[in-house]
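J.: Numbering of the sequence shown is given in the UniProt record's numbering, commencing with residue 1 and proceeding in unit increments. Note that the Cβ used here is the ideal one computed from N, Cα and C, for glycine as well.
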Amino acid sequence: MSKVSHMVEDALFQSEVGTIVVDSESKVSSWNQWVERYSGIEANQAVGKLLSDVFVETSLSSRVIRAVDKCITMGHATVLSQKLHKHPFPFYRTEEDSRQEQRMLQMVFIKPLDMAEQGNHHCLVQIFDMTESVKREVALRQLASEANQAAKEIKEKELYLNGIFEGTSDCIMAVDDTGVVERFNENCCHMYGYNPEQLSGMQLAELIVLPLKQNPKTPDMTDFLEEQANSSASMETQAILIDRSETDIELTISKLSVNDAKRYVTVFRDITVRKRSEKLLEQMAKYDSLTGLANRTLLHDRIAHALTRAVRNKTKLAILFLDLDRFKLVNDSLGHSLGDELLKLVASRMTKTFRSSDTVARLGGDEFVVLVEGVSGEVSAQILGEKLLLSLKEPFIVKNHSLYSGASIGIAVYPGAGNTPEELVRNADVAMYRAKAEGKNQCMVYVDEMNAQARYLLELDSEIHQAITEQEFVLYFQPLIDLKTGRVTGAEALIRWVHPHRGMVSPADFIPVAEDSGVIWEMGKWIIDSAVRFVKKVHENYDSHFKVAINVSPQQFKNPDFLNLITRSASLYDVSPEAIELELTEGLLMEQTEHSIESISEISKRGFSVSIDDFGTGYSSLAYLRKFPLDILKIDQSFVADLPSSPDAISLCNAIINLAHSLKLSVIAEGVETKEQLLFLQDQGCEVAQGYFISRPLPEQEFILWLADYNAAQLFE
Numbered sequence: 001m002s003k004v005s006h007m008v009e010d011a012l013f014q015s016e017v018g019t020i021v022v023d024s025e026s027k028v029s030s031w032n033q034w035v036e037r038y039s040g041i042e043a044n045q046a047v048g049k050l051l052s053d054v055f056v057e058t059s060l061s062s063r064v065i066r067a068v069d070k071c072i073t074m075g076h077a078t079v080l081s082q083k084l085h086k087h088p089f090p091f092y093r094t095e096e097d098s099r100q101e102q103r104m105l106q107m108v109f110i111k112p113l114d115m116a117e118q119g120n121h122h123c124l125v126q127i128f129d130m131t132e133s134v135k136r137e138v139a140l141r142q143l144a145s146e147a148n149q150a151a152k153e154i155k156e157k158e159l160y161l162n163g164i165f166e167g168t169s170d171c172i173m174a175v176d177d178t179g180v181v182e183r184f185n186e187n188c189c190h191m192y193g194y195n196p197e198q199l200s201g202m203q204l205a206e207l208i209v210l211p212l213k214q215n216p217k218t219p220d221m222t223d224f225l226e227e228q229a230n231s232s233a234s235m236e237t238q239a240i241l242i243d244r245s246e247t248d249i250e251l252t253i254s255k256l257s258v259n260d261a262k263r264y265v266t267v268f269r270d271i272t273v274r275k276r277s278e279k280l281l282e283q284m285a286k287y288d289s290l291t292g293l294a295n296r297t298l299l300h301d302r303i304a305h306a307l308t309r310a311v312r313n314k315t316k317l318a319i320l321f322l323d324l325d326r327f328k329l330v331n332d333s334l335g336h337s338l339g340d341e342l343l344k345l346v347a348s349r350m351t352k353t354f355r356s357s358d359t360v361a362r363l364g365g366d367e368f369v370v371l372v373e374g375v376s377g378e379v380s381a382q383i384l385g386e387k388l389l390l391s392l393k394e395p396f397i398v399k400n401h402s403l404y405s406g407a408s409i410g411i412a413v414y415p416g417a418g419n420t421p422e423e424l425v426r427n428a429d430v431a432m433y434r435a436k437a438e439g440k441n442q443c444m445v446y447v448d449e450m451n452a453q454a455r456y457l458l459e460l461d462s463e464i465h466q467a468i469t470e471q472e473f474v475l476y477f478q479p480l481i482d483l484k485t486g487r488v489t490g491a492e493a494l495i496r497w498v499h500p501h502r503g504m505v506s507p508a509d510f511i512p513v514a515e516d517s518g519v520i521w522e523m524g525k526w527i528i529d530s531a532v533r534f535v536k537k538v539h540e541n542y543d544s545h546f547k548v549a550i551n552v553s554p555q556q557f558k559n560p561d562f563l564n565l566i567t568r569s570a571s572l573y574d575v576s577p578e579a580i581e582l583e584l585t586e587g588l589l590m591e592q593t594e595h596s597i598e599s600i601s602e603i604s605k606r607g608f609s610v611s612i613d614d615f616g617t618g619y620s621s622l623a624y625l626r627k628f629p630l631d632i633l634k635i636d637q638s639f640v641a642d643l644p645s646s647p648d649a650i651s652l653c654n655a656i657i658n659l660a661h662s663l664k665l666s667v668i669a670e671g672v673e674t675k676e677q678l679l680f681l682q683d684q685g686c687e688v689a690q691g692y693f694i695s696r697p698l699p700e701q702e703f704i705l706w707l708a709d710y711n712a713a714q715l716f717e
């Protein structure tokens, strides 16, 4: 066989066509990666065995066995068309398909191979996935015709293999040991812009950016090819296109020997979209998507560096912690969209108040922090706080509304109020709560005697314990809808506290206290029990596929009995774990402790699905997305709010959706408040949405009534 055939055969092993070779004794002699992937059977488990023995535990079509026997004994070729024999092999495209016994739609070619040097008939079995595109049927018929000729002539076999070589979505290029291009598929021409005559004979160094800028005329090119081939690992670099522009690629190099001469097969994959998504996510990791200010992560990093300079230069710095006084009233009365606009205006005004060398950050919600270096002491820091309050006194004009937003500011000065970023921010926060408690719209400097906040937390802790006993907590449910079908797929369970004196208390106020005091465990047990009981009720009366999403706090998750708790609740109410989704925070996953990895893996094994709540709001990392067996990413409402008018919001949401889909994760968008947002997310492939445009969170009975009256057509018409 020619050296071209050797190179093409090597590419065939990595191709997207299933290939099995059966020898004259009806035993498997070759089993490529495609077959491994979709059968779940490794090559070393199949080679040397009969096909019927390989698939002994699953159903292999008897037509396949008969066709292989005819091929070996009589030299007959057979085509099993997907129209008559849809699922001859037990191959599955996804794990979900395997669980549901939905086999891949297949076309199978079975044909003899004349192995002249052995004097025996071998059988070549090729399997094509016909699921994605019916358009390939014509091409496959042509390939079947070529395959019949391949049994007679080596030339025809090469033509057939060349069709497979060209059919891959990657760029494949064969080079000699000096990097001279000898052969390539059509995708290479499409990507680079060269015609075949131009590309043939070029140096690999002219086509990719090489490490250390190796010179192709020196042995460095040979060393590079050999080293990369021996590493068995891919590398990221850039392809140099015909117009000298560069595009990101992933490059894999493998080595083969043809007539005692070294040749290398290079496989290029365009990763431009992936790199763009990674860059956007890196941006998200440091900056607040709504305001463009530094987020918590970047703020703490800058405070740490500022402390290093302050220690070295014996200077002082101040942390100003600001919380808007009436922001909740704006959100509740005018809606989150208008509230977000107000936050952006506040951020802009704060940035103009301070120097460019100062750091203005948003921690989340209506909380902002400012880092100021070089203050002379507490008095000068207080003057800065008063200046900031003065800048916020002027009304903010938001969508024809004139809004006044006072603020409470707490100030912590180094040295004296803390020696770490965490201490300084926490103590500035304590001072801010003191400012709120003493009348709001003022600033106060932290001193050690400030303990009013601690007393308040103790009171709130006591009231939470009483609230559990007096059954003051209730669950609300916000529906989740499938953006393809409009069907209500489930609801998120949200706890509310109906306080006898304070009225409705926000979870943002009492959840952190419950976490700190440990009462979150008892509260969480009640939430899980109530939510599972509710989903059982919906299953019995409305929809057996309905799911409930339950928020899990870090303290709950770390409790050794947590896994047994949710399992017992599901068993008690006879609810399948598949109907229960557990929402975890990014901060919890970022710890990546052995416990969290093992726990999430066990949650997945038991059938519960796992989602990441408020993805991208300050702690995003690509590492944990690969490490944990996750099912769902939830896009935070702050990213959805500016859709579809903001190019930045569009880019961020598309980056998250593309990243999630590349990792086989579903996407839920939170905070959908307009029809335009709903339709945009639907067009971008987001699977599920929730938000006030669909429905506000509702108590159980109101939710049941809403579900009974729900009409999907009204949302999308």
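Got a sec, what are the start and stop residues for the alpha helix (DSSP H) glutamine 701 sits in?
T.: Here the alpha helix (DSSP H) through glutamine 701 covers 700-709.
J.: Measuring only the C-alpha atoms, how far is tyrosine 38 from valine 17?
T.: Taking the straight line from one Cα to the other gives about 11 Å.
J.: Here's the rule: buried if 16 or more other CB atoms are within 10 angstroms of the residue's CB, otherwise exposed. What is phenylalanine 327?
T.: Phenylalanine 327 should be labelled buried.
J.: For alanine 660, count neighbouring Cβ atoms within 10 angstroms of its own Cβ and tell me buried if that reaches 16, exposed if not.
T.: That one is buried.
J.: Rounded to a whole number of angstroms, what is the C-alpha to C-alpha distance between lysine 344 and glutamate 687?
T.: C-alpha separation (whole angstroms): 29 Å.
J.: Can you check DSSP and say which residues form a bridge with leucine 113?
T.: Partner(s): His122.
J.: Please state whether DSSP places threonine 567 in a helix, a strand or coil.
T.: Here threonine 567 sits in helix by DSSP.
J.: Quick check: the segment 520-527 against the segment 545-559, are at least 3 beta-carbon pairs closer than 8 Å?
T.: These segments touch.
J.: Closest to serine 695 by CA distance: which of Val267, Ser234, Asn230 and Ala491 is it?
T.: Checked all of Val267, Ser234, Asn230 and Ala491; the closest Cα to serine 695 is Ala491.
J.: Determine the extent of the beta strand (DSSP E) in which valine 445 is found, giving its start and end residues.
T.: Note, valine 445: beta strand (DSSP E), 443-445.
J.: Which residues in the same chain as alanine 669 place their Cβ atom closer than 7 Å to its Cβ, once the five residues preceding and following it in sequence are excluded?
T.: Same-chain partners within the cutoff: Ile635, Val640, Leu681, Cys686 and Ala689.
J.: Would alanine 407 and leucine 392 be called neighbours here (beta carbons separated by less than 8 Å)?
T.: In this structure, leucine 392 lies closer than 8 Å to alanine 407 by Cβ.
J.: Just curious, the alpha helix (DSSP H) that isoleucine 528 is in, first and last residue?
T.: Per DSSP, isoleucine 528 belongs to the alpha helix (DSSP H) from 520-541.
J.: Check whether the Cβ atoms of valine 513 and isoleucine 464 sit closer than 8 Å, and answer yes or no.
T.: Yes, these two residues count as a Cβ contact at 8 Å.
J.: Quick check: the Cα distance between valine 68 and lysine 255, rounded to an integer number of angstroms?
T.: Cα to Cα, the separation comes out at about 33 Å.
J.: With DSSP as the reference, label residue 796 as helix, strand or coil.
T.: Any answer about residue 796 is impossible in this case: the structure gives the chain only from 1 up to 717.
J.: What does the alpha-carbon distance come out to for the pair phenylalanine 321 and leucine 389?
T.: Roughly 12 Å between the two C-alpha positions.
J.: Would the C-beta of glutamate 42 count as close to the ligand SAM, meaning under 7 Å from any of its heavy atoms?
T.: With respect to small molecules bound, the structure shown includes none, and the ligand SAM cannot be examined in it.
J.: In whole angstroms, what separates the C-alpha of valine 667 from that of threonine 94?
T.: Rounded to the nearest angstrom, the two C-alpha atoms are 18 Å apart.
J.: Verify whether the separation of the beta carbon atoms of serine 569 and aspartate 516 is less than 8 Å.
T.: No, they are not a contact pair.
J.: So the candidates are Leu565, Val108, Leu251 and Arg533; which of them puts its Cα closest to the Cα of lysine 525?
T.: Considering only alpha carbons, the answer is Leu565.
J.: Between leucine 124 and the rest of its own chain, which residues show a CB-CB distance below 7 Å, the 5 nearest in sequence each way excluded?
T.: For leucine 124, where only same-chain residues beyond five positions count, the Cβ hits under 7 Å are Val21, Lys111 and Leu113.
J.: I need the straight-line Cα distance from phenylalanine 368 to glutamine 442, nearest angstrom please.
T.: Their Cα atoms are separated by approximately 15 Å.
J.: Tell me the DSSP secondary structure of serine 604 in three-state form.
T.: Of the three classes helix, strand and coil, the one that applies to serine 604 here is helix, per DSSP.
J.: Would you kindly work out how many angstroms separate the C-alpha atoms of glutamate 598 and isoleucine 240, rounded to a whole number?
T.: Cα to Cα, glutamate 598 sits roughly 44 Å from isoleucine 240.
J.: For glutamate 246, write down the residues that DSSP places opposite it in a beta bridge.
T.: In DSSP, glutamate 246 forms a bridge with Ile240.
J.: Is leucine 625 closer than 8 Å to leucine 663 when the C-beta atoms are compared?
T.: Yes. Within cutoff.
J.: Return the chain-ordered ranges of every beta strand (DSSP E) run that is complete within the segment 448-511 and spans a minimum of 3 residues.
T.: As far as the segment 448-511 is concerned, its whole beta strand (DSSP E) runs of at least 3 residues are 473-482, 488-499 and 503-505.
J.: Taking the C-alpha atoms as reference points, what is the distance between phenylalanine 703 and glutamine 471?
T.: Computed Cα separation, rounded: 20 Å.
J.: Rounding to the nearest angstrom, what Cα-Cα distance links phenylalanine 546 and threonine 674 in this structure?
T.: Answer to the nearest angstrom: the Cα atoms are 24 Å apart.
J.: For cysteine 71, which three-state DSSP category applies?
T.: The answer is helix: DSSP assigns cysteine 71 an H, G or I state.
J.: When DSSP builds the beta bridges, which residues end up paired with glutamate 583?
T.: Looking at the DSSP assignment, glutamate 583 forms a beta bridge with Asn551 and Ser611.
J.: Could you check if threonine 266 is buried or exposed, using at least 16 other CB atoms within 10 Å of its CB as the buried criterion?
T.: The residue in question, threonine 266, is buried, as its Cβ has 16 or more Cβ neighbours within 10 Å.
J.: Relative to the alpha-carbon of asparagine 551, which residue among Ile580, Thr78 and Tyr573 has its alpha-carbon at the smallest distance?
T.: Closest option to asparagine 551, Cα to Cα, is Ile580.
J.: Pull up the DSSP beta-bridge partners for glutamine 106, would you.
T.: The partner list for glutamine 106 (beta bridge, DSSP) reads Asp129.
J.: How would you call glycine 385, buried or exposed, if buried means at least 16 neighbouring beta carbons within 10 angstroms?
T.: Answer is buried; the Cβ neighbour count reaches 16.
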